[in-house]
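Asker: Chains as they are written, first to last, in this note's numbering: chain A, 1 to 580; chain B, 1001 to 1353. Glycine included, C-beta positions come from ideal geometry on N, C-alpha and C. This is the structure I have questions about; it appears just below.
In structure tokens, the structure reads:
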């Protein structure tokens, strides 16, 4: 029996139980992904559980620890709520403008808004540092113009910096989710309300808003979830005073070596994210129920009145500033020599330089690593390549299994998505606790890093491949078969070309995820095997213009690679994604 | 009551409305009739205030409505596809406009009941609008538009989404409700049968202008242009020349016709188009000086009450409604009643088709 020939029949039999052989086939497909998840996700999770439980039993919880826990939890919720609110406030007008208007920069802006999806947190943190940090453009320009001896703005290490970065990251989600719902909404409904005597605001409140509510709620919850689990941004931009759960786990585990407390924090964090995920899935599933079939309403039109023009112009300006300014600031700052001249007040050495890039190839004595920083780039690429290999090798069978009708799916599908709920920091902690004992030492086993990255990338890979596998219509295969294609030819000529693009998209996703992954890597990377994000973090945390410049140079390199990824993704867009 | 003056509007760079003017009087139902894409819906949106005209004015009882926002115009608009609020029940949809007027809840309740009863939907008050059939949705839309007692009601292809049998029934119903309520109405459609059924007055839109404005019977009897004639399905159009002004005599390729009626008398030798109304065939005839032609029966179609004959004559196809059929292939001379003749002046006749 041929694997390919039975697949379609087993997949699309709308009624009746799938044959027993189909279940065995599904199990065979599940085997590798499940084994991987158990060894590298559930066992580490178990270690965290047992370590924190043992710690609690033997030592109990000190009042100080309890206070830290509450403070971290409280701040995590607080900053996430605030970030979400701000993101919605920025994103909602954007969603409206995207849904209802045509304007010249629309395509470009849409493309730009995909950037945050793929940009590593350290790059974003470095970008905001280059903009508002003590050595960033704002401060340097102010010092130059106002002839000041010291940076006038202290925006770094503040809540504002965290919020700003979160808004940068998540506005896209509001734009996409709410924007596409808004696009689906017949503009005549609002017009009908207006004709019936509702003022513009009342029509929005009574008609548009209620109809957008499910998508708005889903998007806001997703944003909240991302803000809740944010790690790199807070560590790099917030500084020591602002510890979220994630940061507290990191500090407890790596700096204070209080593993039981770190474990406990991880569990609290996991519980919260799971709860949020459950709520999100319930809200999101309601999105799928169409309220009315789409009526052929008027599509987007160019802004006409002055008010519309101002609104569109304003939104475009804000979004461009938000998305482009930090990134340009980063790239420009990485090639700019802007140092206060020694011993002179307000004087500046300025000019273009490639010194920061050149310096990446030099292994300085007393440098932060034992290797030239460029080695970090090499390591990152190597890990990213391995991550692509591992996540695709596991994701393909899992997606194939999911796209079949099998009673196992209901059970296993949510299981696959669990790693999404666990934060990367928790993963890193779990790996340390599990594999950092004889005969294995976590930090001397470099393969653990791509494995951790694969765990993070895995759900994305599966989520990319499964719908594509499902979308291949059975009649396409039947048509090919009737036209004389053998089962193997059918797979080669129909399935493969469609799947190949999806696999490429998944590969780009996991590649960029691995390149930018910081949470787990910060636990696992040894000083002689740094990755780019780890190196950026170390360099940017150190004093000295050269370190700062090198951090920005590395961030710019990472930015370029991710930009390349976006461009590639845009090229091989899947048909399903076009609606986004 | 409503005066529309010289409205101009472009759509996607092309002129859509090029100087439309008309009036709607008290209690009058006016049908805007035109091909799809002729700007009928846009005109309604401009009157409602949802869109702005590039030039021209909309006046209500002499007051220019420029600057009066949509929600303060107190006009009703029934959208094509109805645009019912999917998140509200039937009663809530109908109550919407009343709530916007900040009426007390008890009064709203009472008015909603009243209007729903009028459209025979009082059993449906608590239903979701998404659970209703097309015809029911249409009646909800009508109730919602009527409930706030608008000064003017506009209906945009209200029967467009329904199937044939339902259109007949609901068209009749609409006609009753409109006349009963006494609210002046503008009714947009591309279907002339529908327009004849509803309208006190027809306004035909063509190429962004009013092609004709008049009662249905007058428009059909005396179309103002070749386009109007064609649009109304009057296809017996023959190019001709005025050979005598008093009585008006028109010479065509198939014969000479006299006396011909017309709106404004053409000049001698002017090129005109002669319309022979489809009911105007008088039967076989001898070779007289006027009002007959030789033809061959090309096609006979049974139409329930009589037949439709298609005749070929001098390279033209003419079709007539007749009570008795002639056999296909029949050739001979046929007479035309002079009352069926109508002369169209402007020389925009562009060949036969």
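#1: Taking the alpha-carbon positions, what's the residue 1056 of chain B to residue 1275 of chain B distance?
#2: Pick out the complete alpha helix (DSSP H) segments inside the segment 156 to 221 of chain A, 4 residues or longer, and give them in chain order.
#3: Among A/40, A/549, A/135, A/93, which residue has its Cα nearest to the Cα of residue 360 of chain A?
#4: Check residue 227 of chain A in the structure and name its three-state DSSP category.
#5: Check for me: the beta strand (DSSP E) holding residue 1011 of chain B runs from which residue to which?
#6: Using a threshold of 8 Å, state whether the C-beta atoms of residue 584 of chain A and residue 519 of chain A are closer than that.
#7: Just to confirm the assignment, what range does the beta strand (DSSP E) spanning residue 1185 of chain B have?
#8: Please name the residue in A/221, A/526, A/410, A/307 whose C-alpha comes closest to that of residue 84 of chain A.
#9: Can you give me the C-alpha to C-alpha distance between residue 1242 of chain B and residue 1290 of chain B, rounded to a whole angstrom?
#10: Please specify which runs of the alpha helix (DSSP H), each continuous and at least 4 residues long, are wholly inside the segment 1223 to 1301 of chain B, giving them in chain order.
#11: Just list the residues that DSSP pairs residue 1192 of chain B with in beta bridges.
#12: Mind listing the chain A neighbours of residue 1070 of chain B? Cutoff is C-beta to C-beta under 7 Å, in chain order.
#13: Please check if any C-beta of chain B sits within less than 8 Å of the C-beta of residue 104 of chain A.
#14: Let me check understanding here. Comparing Cα to Cα, which of A/563, A/263, A/414 lies closest to residue 463 of chain A?
#15: For residue 514 of chain A, name the three-state secondary structure that DSSP assigns.
#16: Taking 8 Å as the threshold (beta carbon to beta carbon), is residue 1101 of chain B in contact with chain A?
#17: Cβ of residue 180 of chain A less than 8 Å from any chain B Cβ?
#18: Quick check on DSSP: helix, strand or coil for residue 1340 of chain B?
#19: Run through chain B and tell me which residues come within less than 8 Å of residue 372 of chain A, C-beta to C-beta.
#20: May I ask you to list the residues that DSSP assigns as paired with residue 1023 of chain B?
#21: Whose CA, out of B/1132, B/1214, B/1222, lies closest to the CA of residue 1277 of chain B?
#22: Please state whether the Cβ-Cβ distance between residue 434 of chain A and residue 180 of chain A is less than 8 Å.
#23: When you check each C-beta in the segment 1087 to 1111 of chain B against every C-beta of chain E, which residues fall closer than 7 Å?
#24: Is there a C-beta anywhere in chain B that falls below 8 Å from the one on residue 553 of chain A?
#25: Taking residue 1088 of chain B as part of the beta strand (DSSP E), name the residues at either end of that continuous run.
#26: Between which two residues does the alpha helix (DSSP H) harbouring residue 59 of chain A extend?
#27: Compute the Euclidean distance between the alpha carbons of residue 1015 of chain B and residue 1008 of chain B, then round it to the nearest angstrom.
#28: For residue 1082 of chain B, list the residues DSSP reports as bridge partners.
#29: Alpha carbon to alpha carbon, how far is residue 1283 of chain B from residue 1254 of chain B? Give it in angstroms, no decimals.
#30: Within the 8 Å Cβ cut-off, does residue 207 of chain A reach chain B?
#31: For residue 218 of chain A, would you say it is in contact with chain B, using Cβ-to-Cβ distances shorter than 8 Å as the test?
#32: How long is the line joining the alpha carbons of residue 1321 of chain B and residue 1340 of chain B, rounded to whole angstroms?
#33: Does the segment 515 to 535 of chain A touch the segment 113 to 129 of chain A, meaning 3 or more C-beta pairs lie closer than 8 Å?
#34: State the DSSP-derived secondary structure class of residue 423 of chain A, mapped to helix, strand or coil.
#35: Using a Cβ cut-off of 8 Å (strictly closer), state whether residue 410 of chain A contacts chain B.
#36: Tell me whether residue 291 of chain A sits in a helix, a strand or coil according to DSSP, three-state version.
Answerer: On the basis of the data shown:
#1: Sequence index remark: in the second chain, residue 1056 of chain B carries index 56 (1-based). Sequence index remark: in the second chain, residue 1275 of chain B carries index 275 (1-based). Straight-line Cα distance between these residues: approximately 35 Å.
#2: Taking only runs of at least 4 residues, the alpha helix (DSSP H) segments lying wholly in the segment 156 to 221 of chain A are 159 to 184, 187 to 195, 200 to 203.
#3: Against the first chain, residue 360 of chain A aligns to sequence position 360. That would be A/549, whose Cα lies nearest to the Cα of residue 360 of chain A.
#4: Your numbering for residue 227 of chain A matches position 227 in the first chain. Note: residue 227 of chain A maps to helix in three-state DSSP.
#5: Position 11 of the second chain, counting from 1, holds the residue named residue 1011 of chain B. Looking at the DSSP string, the run of the beta strand (DSSP E) that includes residue 1011 of chain B is 1002 to 1011.
#6: The shown model of chain A, from 1 to 580, leaves out residue 584 of chain A, and the question about it has no answer.
#7: Your numbering for residue 1185 of chain B matches position 185 in the second chain. Judged by DSSP secondary structure, residue 1185 of chain B falls within the beta strand (DSSP E) whose first and last residues are 1185 to 1189.
#8: Counting from one through the first chain, the residue named residue 84 of chain A turns up at place 84. Answer by Cα proximity: A/221.
#9: In the second chain, the residue the question calls residue 1242 of chain B occupies position 242. In the second chain, the residue the question calls residue 1290 of chain B occupies position 290. C-alpha separation (whole angstroms): 14 Å.
#10: If we require 4 residues or more, the alpha helix (DSSP H) runs fully inside the segment 1223 to 1301 of chain B come out as 1226 to 1231.
#11: Position 192 of the second chain holds residue 1192 of chain B. The partner list for residue 1192 of chain B (beta bridge, DSSP) is empty, contrary to what the question assumes.
#12: In the second chain, the residue the question calls residue 1070 of chain B occupies position 70. By Cβ distance, chain A contributes 194, 195.
#13: Taking the first chain and counting its residues from 1, the one referred to as residue 104 of chain A is at position 104. Answer no: the Cβ-Cβ gap between residue 104 of chain A and chain B never drops below 8 Å.
#14: Working through the first chain from its first residue, we reach residue 463 of chain A at position 463. The shortest CA-to-CA distance from residue 463 of chain A to any of A/563, A/263, A/414 is the one to A/414.
#15: One-based indexing of the first chain puts residue 514 of chain A at position 514. Residue 514 of chain A falls in the helix class under three-state DSSP.
#16: Walking along the second chain from the start, residue 1101 of chain B turns up at place 101. Yes, because at least one Cβ of chain A sits closer than 8 Å to the Cβ of residue 1101 of chain B.
#17: Mapped onto the first chain, residue 180 of chain A falls at position 180. No, because no Cβ of chain B sits closer than 8 Å to the Cβ of residue 180 of chain A.
#18: Counted from its first residue, the second chain places residue 1340 of chain B at position 340. Residue 1340 of chain B sits in a helix when the DSSP states are folded into three classes.
#19: The residue you call residue 372 of chain A lines up with position 372 of the first chain. Within chain B, no residue comes near residue 372 of chain A; the closest Cβ sits about 59 Å away, beyond 8 Å.
#20: As a working mapping, residue 1023 of chain B is identified with position 23 in the second chain. Paired residues: B/1003.
#21: The count along the second chain starts at 1 and reaches residue 1277 of chain B at position 277. Checked all of B/1132, B/1214, B/1222; the closest Cα to residue 1277 of chain B is B/1222.
#22: Taking the first residue of the first chain as position 1, residue 434 of chain A is located at position 434. Taking the first residue of the first chain as position 1, residue 180 of chain A is located at position 180. With respect to the 8 Å criterion, residue 434 of chain A and residue 180 of chain A are not classified as neighbours on the basis of their beta carbons.
#23: Note that chain E does not occur in the displayed structure, where the protein chains are A and B.
#24: Translated into the one-based positions of the first chain, residue 553 of chain A becomes position 553. With 8 Å as the cut-off, residue 553 of chain A does not count as an interface residue toward chain B.
#25: One-based indexing of the second chain puts residue 1088 of chain B at position 88. For residue 1088 of chain B, there is no enclosing beta strand (DSSP E), since its DSSP letter is neither H nor E.
#26: Translated into the one-based positions of the first chain, residue 59 of chain A becomes position 59. Here the alpha helix (DSSP H) through residue 59 of chain A covers 43 to 59.
#27: Walking along the second chain from the start, residue 1015 of chain B turns up at place 15. Walking along the second chain from the start, residue 1008 of chain B turns up at place 8. Straight-line Cα distance between these residues: approximately 8 Å.
#28: The sequence position of residue 1082 of chain B within the second chain is 82, counting from 1. Partner(s): B/1079.
#29: As a first step, residue 1254 of chain B is located in the second chain; it is residue number 254 there, counting from the start. As a first step, residue 1283 of chain B is located in the second chain; it is residue number 283 there, counting from the start. So the alpha carbons of these two residues sit roughly 16 Å apart.
#30: Position 207 of the first chain, counting from 1, holds the residue named residue 207 of chain A. Chain B, which has a Cβ nearer than 8 Å to the Cβ of residue 207 of chain A, makes this yes.
#31: As a working note, residue 218 of chain A is residue 218 in the first chain. At a cut-off of 8 Å, the C-beta of residue 218 of chain A has no neighbouring C-beta in chain B.
#32: Taking the second chain and counting its residues from 1, the one referred to as residue 1321 of chain B is at position 321. Taking the second chain and counting its residues from 1, the one referred to as residue 1340 of chain B is at position 340. Whole-angstrom Cα-Cα distance: 12 Å.
#33: A contact exists between the segment 113 to 129 of chain A and the segment 515 to 535 of chain A.
#34: Looking up residue 423 of chain A in the first chain gives position 423. DSSP, read as helix, strand or coil, puts residue 423 of chain A in coil.
#35: Sequence index remark: in the first chain, residue 410 of chain A carries index 410 (1-based). Not a single CB atom of chain B sits nearer than 8 Å to the CB of residue 410 of chain A.
#36: Position 291 of the first chain holds residue 291 of chain A. Since pLDDT at residue 291 of chain A reaches only 47, below the 50 mark, its modelled position is unreliable, and the value read off the structure follows with that caveat. DSSP places residue 291 of chain A outside both helix and strand once states are collapsed to three, so it counts as coil.
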